[in-house]
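Heads up: the sequence shown at position 33 corresponds to 35 in my numbering, and the numbers run straight through without jumps.
Every residue, glycine too, gets a C-beta built ideally from N, C-alpha and C.
Written out below as structure tokens is the structure these notes cover.
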Amino acid sequence: MEVETPFEPTLQVVENGVSSSAARAANSPSEDVQMESESLSEVLLQSESWPSSLPSDWVPIIARDSIRQRRQGPQPPFSDVYLAGMPSKRRKVVSNSKHRGSVSQVISDRVRQAVEASGVGTGVSNDGSGAITGPEQLGQAAAGDQALQQAYREHVLVCLRRRIHSDPDFTPERFPNTASYLLK
């Protein structure tokens with residue numbers, strides 16, 4: 003039996019399991035669907051026992067779902083509204099990981115933390131010549147760099163734009179201020 007939907011891989015189920023070929027849809031599929039259909043045949047070949055124990059029309063659906071679950075992106079950060087509904091102890095733990103403050107403060111803190119985590123420059127002090135020799139001085143110098151601050155702002159905007167374009171829950175009508183700021 004063949005199950006066929008547009009832009010979805012189709013499978014030909016045979017008596018002893020699933021055939022190794024996944025057919026492409028008639029229309030030209032996107033790169034994701036191409037990867038999905040290639041991965042689909044790999045998944046089915048790797049675990050040959052489970053398809054035979056299910057109804058044949060369930061196999062492509064379950065295989066596609068398992069692939070999608072493997073390719074899920076990381077959990078986005080919790081919103082402030084969601085955090086407000088948490089117990090205070092849990093909220094404190096989660097919100098301590100958020101960086102707050104001005105752009106220069108965030109840059110300074112992150113550069114200092116990166117230098118300290120790498121082990122470079124620990125225990126080194128300022129030699130009095132004005133040279134940057136420690137994590138604190140490097141963080142302060144980075145925070146004062148206007149080009150770095152502008153690059154940081156632009157990167158945040160790019161990330162936010164990418165996020166709202168890929169988020170199925172975002173609609174410009176529901177969030178007009180966000181849309182006017184990010185989609186200009």
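Can you grab the Cα-Cα spacing for the pair I63 / L56, in whole Å? 11 Å
State the Cα-Cα distance for the pair R26 and N98, rounded to the nearest angstrom. The predicted model places R26 with a pLDDT of 34, which falls under 50 and marks its position as unreliable; any figure quoted below should be read in that light. Distance between the alpha carbons of R26 and N98 is about 48 Å.
Give the straight-line distance between the Cα atoms of A145 and L184, rounded to the nearest whole angstrom. 25 Å
May I ask you to report which of helix, strand or coil DSSP gives T173? coil
Quick check: the Cα distance between K186 and L159, rounded to an integer number of angstroms? 11 Å
If you count every other CB in all the chains shown that lies within 10 Å of the CB of P174, and 16 or more means buried, which is it? exposed
Sequence-distant residues of its chain with Cβ nearer than 7 Å to R155 (five each side left out): V105
Going by beta carbon distance, what residues of the same chain come within less than 7 Å of A181, once the five residues before and after it are set aside? P174
Decide if the segment 136-143 is in contact with the segment 106-124; the criterion is three or more beta carbon pairs, one per stretch, under 8 Å apart. yes
Run through the segment 81-169 for me and flag every whole alpha helix (DSSP H) of 4 or more residues, listed as ranges in chain order. 82-86, 90-97, 105-120, 137-145, 148-168
Given a threshold of 16 other Cβ atoms within 10 Å of its Cβ, counted over all protein chains shown, does A65 qualify as buried or as exposed? buried
With a threshold of 7 Å on Cβ separation, who are the neighbours of F177 within its own chain once the five nearest residues in sequence on each side are excluded? none
With a cut-off of 8 Å on the beta carbons, I'd call L162 and I109 a contact; round off their distance for me. Wrong, their Cβ atoms sit about 18 Å apart, outside the cutoff.
Roughly how many angstroms separate the alpha carbons of R73 and R165, rounded to a whole number? 16 Å
Residue span of the alpha helix (DSSP H) that contains L184, given as start and end: 178-184
Is the CB-CB distance between R93 and A86 below 9 Å? yes
Please report the straight-line C-alpha distance between M88 and S51, rounded to a whole angstrom. 43 Å
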